[in-house]
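Take the sequence shown: its letters are residues 1 to 208, numbered as in UniProt numbering.
Every residue, glycine too, gets a C-beta built ideally from N, C-alpha and C.
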Amino acid sequence: MKITKSSGGWPTSGLTLRDTALLVSIAVGACAASDQEGEIVARAISPLEGYWTLSDAPNTVLIEPCETGSEKLCGRLVVFEGDPNARDAFNPDLFAWGEKICNSVVISDLEATKEPQSYAGRFYDPGDGEDLNLIISMTSHNVIEARAYYGASIDEAVDLGVAAATGELPVFATVSYATRAIIGKKHLGETFSWVRTAKPQQLCSDAL
């Protein structure tokens, strides 16, 4: 089959309808592949993404992008050692009040700070409806250290983190939201370690 070109350089005469459709399909596919590659380059996977077990308790959070393509990370409580049907009775947000604690978002707006391997965000404690500042530092690929603080802003939380490191500030146990009903909230001046874990066999969402 002979293919000629128009003055614009695109093949015209000699093409059947089937040939034209094939060329258009190839062009569209190439554009789609280019767009997908652009999205992958636009958002690198954060080392924080994945499942993390909180301290020595079986409670586990899944840290992932808050929204598709978002640079900010959020954390859902996907394994809860308390009553799987326990409800959030203290949430100041009326739209979230009464939702199940299991599978609820307890970490939000987590993003990298200027400090290497350090992240700051918000931590919600459904045990009493408190919204705290959260500082997370990665000590290795599989271990992170977390502290939650009272404060008006993320910048203030960073300053408080420095004070807490020197023992000048009381710290709220980051695991307390998952164990408050059992052991109550503790005021401890120490860092809590979260350990990376495989996807749990039983998740809160499985029981919904």
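Have a look at S118 and L132 and give me their C-alpha separation to the nearest angstrom.
17 Å
Between N59, G50, C74, M138, which has its C-alpha nearest C204's C-alpha?
N59
Hey, could you find the ends of the beta strand (DSSP E) L62 is sitting in?
60–65
Give the DSSP-derived three-state secondary structure of C74 in the structure shown.
strand
Bridge-paired residues (DSSP) for I144
M138, W194
What separation, rounded to the nearest whole angstrom, lies between the Cα atoms of F192 and S55?
6 Å
Quick one: what's got a C-beta closer than 7 Å to A96's C-beta in the same chain, skipping five residues either side?
D88
Ordered along the chain, which non-local residues of its own chain (more than five positions away) have a Cβ less than 6 Å from that of T66?
It is worth fixing the name first, because residue 66 is Cys in this sequence and not Thr. Only K72, C74 meet the Cβ criterion.
Using the DSSP secondary-structure output, state which residues sit across from A112 in a beta bridge.
Y119
N103: buried (16+ other C-beta within 10 angstroms of its C-beta) or exposed?
buried
Kindly indicate which residue of S140, N142, N85, F80 has the alpha-carbon position closest to the one of V106.
F80
Does the separation of the CB atoms of S137 and G121 fall below 9 Å?
no
Are the CB atoms of I135 and Y149 within a distance shorter than 9 Å?
yes
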